[in-house]
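Heads up: the structure comes next, in C-alpha cells.
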Amino acid sequence: GLNEETLGVPVIALGVPTVVDAATLVNDTMDHLIDAMLKEANPDKDFYKMLKNLNEQEKYQLIREVLNPYVGNLFVTPKEIDGVIDRLASIISNAINIALHPGIDLKDINRFTY
Numbered sequence: 050g051l052n053e054e055t056l057g058v059p060v061i062a063l064g065v066p067t068v069v070d071a072a073t074l075v076n077d078t079m080d081h082l083i084d085a086m087l088k089e090a091n092p093d094k095d096f097y098k099m100l101k102n103l104n105e106q107e108k109y110q111l112i113r114e115v116l117n118p119y120v121g122n123l124f125v126t127p128k129e130i131d132g133v134i135d136r137l138a139s140i141i142s143n144a145i146n147i148a149l150h151p152g153i154d155l156k157d158i159n160r161f162t163y
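Using my numbering, the first residue of the sequence shown is number 50, and each one after it goes up by one.
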C-alpha cells in the first residue's frame, strides 16, 4: 500500500465518499415518504400509529432483506461522478497547496493547474 513503510516518507491519506449503499438511499427516501404520509394521516388511526412507531434499524434491515435477492449488496454513485471527482480533486489540491505554500492565495491558485 501507499504508506510510510513502502514510500519511505510520511503519508497522509484523504478519502471522500463517492458511493452510497442502495439500502441507505431507499431508507432515506422512505423516511421522506413516511414524513409526508404522517402529515396527511389521521393521528387516531392505526395506520398513523404504525408509521409513527416504525423502528429505524428494523426498517433499514427490512429494506436490505428485500433488496438483497434482486441487487445484492449494491452501491450506487451519481451519474455525473466524473465531474464530481474533478471538482473534489481541485478543491482538495487547492486547499493543500494554499496550506503548504503561504505565498499562494485564491487569486493565484488556478495558475498552477490546467
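Every residue gets a Cβ at the ideal spot worked out from N, C-alpha and C, and that includes glycine.
Check whether ALA85 and ILE112 have beta carbons under 7 Å apart:
Residue mapping note: residue 85 aligns to position 36 of the sequence shown, counting from 1. Residue mapping note: residue 112 aligns to position 63 of the sequence shown, counting from 1. ALA85 is not a Cβ neighbour of ILE112, given a cutoff of 7 Å.
Whole angstroms is fine: what's the gap from ASN159's alpha carbon to LEU63's?
In the sequence shown, counting from the first residue as 1, residue 159 sits at position 110. In the sequence shown, counting from the first residue as 1, residue 63 sits at position 14. Spanning the two alpha carbons is a distance of roughly 21 Å.
Grab the span of the alpha helix (DSSP H) containing PRO92 for me, first residue to last.
Counting from one through the sequence shown, the residue named residue 92 turns up at place 43. Unbroken run through PRO92: none, as it is neither H nor E.
With VAL125 and VAL69 assumed to form a contact (beta carbons below 8 Å), what rounded beta-carbon distance in angstroms separates them?
As a position in the sequence shown, residue 125 is number 76, starting the count at 1. As a position in the sequence shown, residue 69 is number 20, starting the count at 1. Rounded to the nearest angstrom, the Cβ distance from VAL125 to VAL69 is 6 Å, consistent with a contact under 8 Å.
Starting from GLY132 and walking both ways along the alpha helix (DSSP H), at which residues does that stretch end?
Within the sequence shown, numbered from 1, the residue matching residue 132 stands at position 83. 130-149 is the span of the alpha helix (DSSP H), which, as asked, contains GLY132.
Can you name the residues that DSSP bridges to VAL125?
If you number the sequence shown from 1, residue 125 lands on position 76. Under DSSP, VAL125 takes part in a beta bridge, and its partners are VAL69.
Please report the straight-line C-alpha distance between GLU114 and MET99, rounded to a whole angstrom.
Position 65 of the sequence shown, counted from the start, is the residue given in the question as residue 114. Position 50 of the sequence shown, counted from the start, is the residue given in the question as residue 99. The C-alpha of MET99 is placed about 20 Å away from the C-alpha of GLU114.
Run through DSSP, which three-state label would PRO118 get?
As a first step, residue 118 is located in the sequence shown; it is residue number 69 there, counting from the start. It is helical.
If you measure between the beta carbons of VAL60 and LEU51, is that distance less than 7 Å?
On the sequence shown, residue 60 is found 11 positions in, with the first residue counted as 1. On the sequence shown, residue 51 is found 2 positions in, with the first residue counted as 1. Yes, the pair counts as a contact, with Cβ atoms nearer than the cut-off.
What does a CB cutoff of less than 7 Å around THR78 pick up in its chain, not counting 5 residues either side in sequence?
Stepping through the sequence shown from its first residue, residue 78 is reached at position 29. There are no such residues.
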